[in-house]
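Report on the structure given below.
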Amino acid sequence: MSHGLDAFVVLNLHCDGTNGSTSFPDGWISNKTVTANGAAIVTTAVSKFGGASANLNLAGDYLTVPDSDDWNFGTGDFTIDFNVYQGTITGNRPFIWQESGLGIWILRLINDGATELIQFLYVDTGGVNRADYRAVHNISLSTWTHIALVRSGTSIFIFKDGVPYSLTVAQAIGSTAMPDFASVLNIGGQAFAMSGRMDELRISKGIARWTTTFTPPTEAYDAIEAAVGAAAGTGVAAGIGAGTAESVAAASGAGAVAADSTGSGLSSAVGDAGGFGLAFRFPHVRRRDPE
14 MSHGLDAFVV LNLHCDGTNG STSFPDGWIS NKTVTANGAA IVTTAVSKFG GASANLNLAG
74 DYLTVPDSDD WNFGTGDFTI DFNVYQGTIT GNRPFIWQES GLGIWILRLI NDGATELIQF
134 LYVDTGGVNR ADYRAVHNIS LSTWTHIALV RSGTSIFIFK DGVPYSLTVA QAIGSTAMPD
194 FASVLNIGGQ AFAMSGRMDE LRISKGIARW TTTFTPPTEA YDAIEAAVGA AAGTGVAAGI
254 GAGTAESVAA ASGAGAVAAD STGSGLSSAV GDAGGFGLAF RFPHVRRRDP E
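Add 13 to a position in the sequence shown, counting from 1, and you land on the number used in my numbering.
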């Protein structure tokens, strides 16, 4: 099963940077624009990885990402995972959500009047409850906690530090498609504060990364390399870059190379070394070992 940054990733926020910065670049080739709202800033006071995190402490401190087909999960698998450091663990604490009219899907902490819960809720634009999964969250204050929301087929999983919650299902999602809301993706809270910090957010579309207990990541997500070997002949190498200047040069024999002069792009290589080798390399600042 794939981990790290791969073809399934549609958003990755390392939440690194200078203390007080409002810049939250997408850390993957999806390269989405992220807007900081309210007093949402980079903080170096606490971090899970990289020396910084997103401070989403008060109501109105949140990040938005423009509407995208990448948020249209349909009936397919998906995984949303991140690390949180909560200053408050009671009441309504939104992590990530999207809404349109009466419709909303959201992963949050919430109090049902008696118990502090974690909840995944999906209500359609007609106000009909389509999915409602909840569990006592047992998240500790001022401690980094890895949270993952996973859809696998007709099943929903929520994990805390790699351990699946025993979920109470008020409404099973079954084969119902997730909504295609024409609205921004929200990270943190507007009317309600998330009251904490977030680090290393990753959204993956088309894959259920975990369905049983797992070990949470111990480093920031980064590119993985894959290699496939087979008996064949000549090779070709190609690169896709984010810069404006790309060069193509013929290699010895029948191979060819296309390279991005910025070194910041996505490259794949096929080479002849006594056989046929296929390798994909996704360069980035940091690396982590695949799990």
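All C-beta atoms in this analysis are idealised placements derived from N, C-alpha and C, irrespective of residue type, glycine included.
Limits of the beta strand (DSSP E) - the one that residue i falls within
i, result
"N142", "142-149"
"W118", "116-124"
"M211", "209-218"
"A183", "181-184"
"R164", "157-165"
"K173", "168-173"
"N44", "Counting along the chain, N44 falls outside any beta strand (DSSP E), and DSSP gives it neither H nor E."
"L198", "198-201"
"F133", "129-136"
"I54", "54-56"
"N25", "22-26"
Option nearest residue i by Cα separation, candidates the options
i, options, result
"R164", "A233, V176, G187, A53", "G187"
"V23", "V78, V59, A49, L71", "V78"
"N85", "A233, F227, S217, Y178", "S217"
"V141", "A183, S155, Y75", "A183"
"Y146", "L180, S43, F172, L76", "L180"
"N25", "S81, F95, V59, K61", "F95"
"G139", "N151, F194, Y178, F133", "F194"
"I131", "L71, Q111, S153", "S153"
"G116", "M207, D137, D74", "D137"
"E112", "I102, D80, E129", "D80"
"W118", "S60, V197, P230, T57", "V197"
"G73", "G114, T103, M207, E213", "M207"
"S60", "T231, D212, P230, I102", "D212"
"I102", "D82, T156, T231", "T156"
Cutoff 7 Å; reference residue i; Cβ partners in own chain excluding five residues on either side
i, result
"I220", "S15, F21, D90, T92"
"T309", "Residue 309 is absent from the model: the chain starts at 14 and stops at 304."
"T226", "G175, V176, P177"
"A148", "L130, I131, I171, Y178, S179, L180, T181"
"T57", "N32, G64, A65"
"G114", "T138"
Close beta carbons around residue i, own chain, < 8 Å, minus the five adjacent residues each side
i, result
"V55", "C28, D29, G30, T31, N32, G33, S34, T35, S36, F37, A65, S66, A67, N68"
"T167", "A185, I186, G187, S188"
"L76", "L26, F37, V47, T48, A49, N50, A53, A67, L69, N199, I200, G201"
"T88", "S188, T189, A190, M191"
"I173", "Correcting the residue identity first, residue 173 is Lys in this sequence and not Ile. The answer, listed in chain order, is I131, H150, N151, I152, T158, H159, I160."
"L71", "G51, A52, A206, S208"
6 Å Cβ shell around residue i - same chain, five flanking residues per side excluded
i, result
"G209", "V97, Y98, Q99, G100"
"G63", "H27, D29, A233"
"G40", "N25, H27"
"A144", "Y135, Q184, I186"
"L120", "F108, I109, F133, L162"
"L214", "L26, F95"
"P230", "none"
The ligand NAD heavy atom lying under 8 Å from the CB of residue i
i, result
"A53", "You won't find the ligand NAD in this model; it holds no ligand whatsoever."
Proximity test, Cβ basis, 9 Å: residue i and chain D
i, result
"L162", "Among the chains of the structure shown, chain D does not appear; only one protein chain is present."
Practice item. Would you mind listing the alpha helix (DSSP H) stretches within the region 60-106 that are 4+ residues and don't spill past its ends, in chain order? Key: If only uninterrupted alpha helix (DSSP H) runs of at least 4 residues are considered, none is enclosed by the region 60-106.
Check your understanding: Is it true that the region 194-207 meets the region 101-115, where meeting means three or more beta-carbon pairs spaced less than 8 Å apart?
Key -> With a cut-off of 8 Å, the region 101-115 and the region 194-207 count as touching, because enough Cβ pairs lie within range.
Check your understanding: When the Cβ atoms of the region 41-56 are set against those of the region 122-137, are three or more pairs found closer than 8 Å?
Key -> Cβ pair count under 8 Å is below three, so no.
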